[in-house]
Amino acid sequence: MPFYIRVPSLITPVHCITKTEEPKDFDTNLYVGYVPGFPGANSQGETLDKLQTNLCEVIEMLLEDEQTKFKTVFVGTQ
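The sequence shown begins at 1 in the UniProt record's numbering and counts up by one.
Next comes the structure, spelled out in structure tokens:
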């Protein structure tokens, strides 16, 4: 089920990014999540809060990398 996470370091009028949370992986006992349209924006965490923190860190690193090629153009949310 998609919902929004805040990425504090984004310097844009829109500070929310949709993430998709997968059910807990029974083999690793970790939550898994990814951000559609952001290649490489996926992570895992022992709790949903940790997953959100990890995804924010991944998004920040991807946005700093000028060589990241996005599959889509982020327009905004409403």
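C-beta atoms are modelled at their ideal positions from N, C-alpha and C, and glycine is treated no differently.
These figures come from a predicted structure and were not determined experimentally.
In this structure, what does DSSP give as the bridge partners for Q44?
The sequence position of residue 44 within the sequence shown is 44, counting from 1. DSSP lists V32 as partners of Q44.
Where D49 sits in the DSSP three-state scheme:
As a first step, residue 49 must be located in the sequence shown, where it is residue number 49. Three-state result, D49: helix.
Inter-residue CB distance, L55 and V32 (contact presumed, cutoff 8 angstroms)
In the sequence shown, residue 55 corresponds to position 55, counting from 1. In the sequence shown, residue 32 corresponds to position 32, counting from 1. Going by Cβ atoms, the distance from L55 to V32 rounds to 10 angstroms, so no, they are not a contact pair.
Under the rule that 16 or more other beta-carbon atoms within 10 Å means buried, what is L48, buried or exposed?
Residue mapping note: residue 48 aligns to position 48 of the sequence shown, counting from 1. Result: exposed.
CB Q52 to CB L30, shorter than 8 angstroms?
Counted from its first residue, the sequence shown places residue 52 at position 52. Counted from its first residue, the sequence shown places residue 30 at position 30. Against a cut-off of 8 angstroms, the Cβ pair of L30 and Q52 comes out as no contact.
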